[in-house]
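Residue numbers (the working numbering), protein chains in the order written: chain L, 8 to 378; chain Z, 56 to 214. Worksheet: the structure to be examined is printed underneath.
Right under this line is the structure:
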């Protein structure tokens, strides 16, 4: 037998750990003798979250994560009855026959929408607090990637019920995506698995939605949270300028985390309420031969893009495409352009542009919703 | 660094390059069948050996009089068949040339509910966003069925 002396318990661990006579103290010492991870534990226990007027924005990422967890749980439950070979019939069974099936499906729908919403809020709040500046470029970029994969989640999941609304909305969405220069056509055909949206498309979207995208998402979330844990939370310039004694902090473990639990509980109630009050409807089964029904619209988070494409019809369509490519690019390069702490002229310019983009996003979304 | 170290360094690098190269070849070899497996499947030609396809979902007595028309399908594509005021049967692929929704026959015009595209009964785009006319199909009927066939482009809709 190898000796347990190989990893002695560090001195400062002895001081911080619970007493040796109690069970938690015994268990933690037992674990540390086997897995010498005290530096990590120590680092995490020192992690703090600054307290200031804008502290509320620190919670939004956690809220998005909460919705993601709800998506995994409800998604796994839906998979039990969902059949990609008989999509509409199986969703109808979930809605009509399976006990609480309608509730679980509706929660999946509402949680998806609120997850997208909280990610947008999270992105814009970190943007305006300038949390993307060095050394946190990696957190910003992985965050943008998470927003991207979440939108893919939304788009791929929308088709799965295979009702006429989702069928034609996906057909329109793919048609628009295929207009993207160079790779658009190829990517579109690859995603559809043929020239048109069919059950072949559904098979591909299904695998993407329930396996590939979740795997990628969890991987990126892991990196994103790892960065946040290693570097700590960003502090706004106004907070940094305060004299040291006026800067107040919460401990991340466990003060900040425990404070978020009531928020999650309230959100869980909200999800159940929304799902009970406005359950997700299932329209008639998709019929590739039938005329498209009225009211074909993408989910709200794609409305602004569609409105943008709509106002540049015909040969001007490339202008809309340019905007759609340019705006994500601007967000990608922001941390490499606006680097200075405290903020300078470049920083103020970035804030102004960001404000314009946010305004445009809201206006175009409402416009798209009304037209 | 001694000469001996340098030479082991060199042979180490050579070894890594060989391993790396072999792995790349292996990955490339695996990528080809996977790419082929994922590549889009060509749609079967809806028109059979005799060059025509049976219309599904519409029977001749549903389009007897001018103004009668319906959505249906041929192969795995959608179409509309209607009786033109001139008494002739007309057929168009129902895929809207704007964003790919299926258009609907509405008596005196052809309309797309998705974005309000409008075509006249010759299939020509007359209002809304569609950039091109609908694709016209040749059409013929017997007692029980309607058939469509591909029109040569230069005939421009004349059956």
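The beta-carbon is built from N, C-alpha and C at its ideal position, and this holds for glycine as well.
Using CA coordinates, which residue listed in the options is at the minimum distance from residue i?
i, options, result
"residue 179 (chain L)", "L:305, L:133, L:349", "L:305"
"residue 90 (chain L)", "L:359, L:197, L:206", "L:206"
"residue 51 (chain L)", "L:260, L:92, L:328", "L:260"
"residue 218 (chain L)", "L:164, L:109, L:62, L:74", "L:164"
"residue 227 (chain L)", "L:172, L:251, L:151", "L:151"
"residue 65 (chain L)", "L:140, L:155, L:263", "L:263"
"residue 96 (chain Z)", "L:327, L:211, L:287", "L:211"
"residue 236 (chain L)", "L:266, L:356, L:145, L:181", "L:145"
"residue 279 (chain L)", "L:143, L:21, L:117", "L:117"
"residue 314 (chain L)", "L:367, L:191, L:245", "L:367"
"residue 272 (chain L)", "L:77, L:14, L:184", "L:77"
"residue 204 (chain L)", "L:166, L:238, L:240", "L:166"
"residue 227 (chain Z)", "Z:89, Z:80, Z:114, Z:70", "Since the displayed chain Z opens at 56 and closes at 214, residue 227 (chain Z) lies outside it and no answer follows."
"residue 202 (chain Z)", "Z:59, Z:63, Z:128, Z:60", "Z:128"
"residue 276 (chain L)", "L:36, L:45, L:33, L:74", "L:74"
Which first and last residues belong to the alpha helix (DSSP H) in which residue i is found?
i, result
"residue 343 (chain L)", "324-344"
"residue 270 (chain L)", "264-284"
"residue 115 (chain L)", "108-135"
"residue 90 (chain Z)", "58-93"
"residue 184 (chain L)", "171-184"
"residue 211 (chain L)", "206-214"
"residue 231 (chain L)", "220-238"
"residue 102 (chain L)", "94-103"
"residue 162 (chain L)", "144-166"
"residue 309 (chain L)", "307-317"
"residue 386 (chain L)", "Residue 386 (chain L) is absent from the model: chain L starts at 8 and stops at 378."
"residue 246 (chain L)", "244-247"
Need the endpoints of the beta strand (DSSP E) that residue i sits in, please.
i, result
"residue 148 (chain Z)", "144-148"
"residue 138 (chain L)", "Careful: residue 138 (chain L) lies outside any beta strand (DSSP E) and carries neither H nor E."
"residue 126 (chain Z)", "124-129"
"residue 370 (chain L)", "Premise fails: residue 370 (chain L) lies in the alpha helix (DSSP H), 352-377, not in any beta strand (DSSP E)."
"residue 109 (chain Z)", "107-109"
"residue 135 (chain Z)", "132-138"
"residue 201 (chain Z)", "201-205"
"residue 289 (chain L)", "Neither: residue 289 (chain L) is in no beta strand (DSSP E) and is coded neither H nor E."
"residue 181 (chain Z)", "180-182"
"residue 257 (chain L)", "255-258"
8 angstroms is my cut-off, CB to CB: does residue i come that close to chain L?
i, result
"residue 126 (chain Z)", "yes"
"residue 158 (chain Z)", "yes"
"residue 115 (chain Z)", "no"
"residue 112 (chain Z)", "yes"
"residue 175 (chain Z)", "no"
"residue 206 (chain Z)", "no"
"residue 93 (chain Z)", "yes"
"residue 149 (chain Z)", "yes"
"residue 172 (chain Z)", "no"
"residue 154 (chain Z)", "yes"
"residue 140 (chain Z)", "no"
"residue 188 (chain Z)", "no"
"residue 61 (chain Z)", "no"
"residue 88 (chain Z)", "no"
Just checking my contact of residue i with residue j at CB under 8 angstroms: how many whole Å lie between their CB atoms?
i, j, result
"residue 194 (chain Z)", "residue 146 (chain Z)", "4 angstroms"
"residue 186 (chain Z)", "residue 152 (chain Z)", "6 angstroms"
"residue 344 (chain L)", "residue 353 (chain L)", "6 angstroms"
"residue 119 (chain Z)", "residue 132 (chain Z)", "Not quite, the Cβ-Cβ distance comes to about 24 angstroms (not below 8 angstroms), so this is no contact."
"residue 25 (chain L)", "residue 31 (chain L)", "5 angstroms"
"residue 126 (chain Z)", "residue 297 (chain L)", "5 angstroms"
"residue 257 (chain L)", "residue 98 (chain L)", "Contact doesn't hold; Cβ gap of about 44 angstroms is too wide."
"residue 303 (chain L)", "residue 169 (chain Z)", "4 angstroms"
"residue 126 (chain L)", "residue 101 (chain L)", "That belief does not hold up - the Cβ atoms of residue 126 (chain L) and residue 101 (chain L) are roughly 26 angstroms apart, past 8 angstroms."
Please tell me whether residue i has its Cβ less than 8 angstroms away from any Cβ of chain Z.
i, result
"residue 178 (chain L)", "yes"
"residue 67 (chain L)", "no"
"residue 300 (chain L)", "yes"
"residue 325 (chain L)", "no"
"residue 141 (chain L)", "no"
"residue 296 (chain L)", "yes"
"residue 377 (chain L)", "no"
"residue 303 (chain L)", "yes"
"residue 306 (chain L)", "no"
"residue 131 (chain L)", "no"
"residue 144 (chain L)", "no"
"residue 309 (chain L)", "no"
"residue 175 (chain L)", "yes"
"residue 291 (chain L)", "no"
"residue 320 (chain L)", "yes"
"residue 23 (chain L)", "no"
What are the uninterrupted segments assigned as alpha helix (DSSP H) that are 4 or more residues long and contained completely in the region 12-92 of chain L, given in chain order?
-> Complete alpha helix (DSSP H) runs here, min 4: 18-23, 30-41, 45-53, 67-88.
Could you please tell me which residues of the region 197-228 of chain L, in chain order, have their CB closer than 8 angstroms to any CB of chain B?
-> Given the protein chain composition of this structure (L and Z), no chain B is represented.
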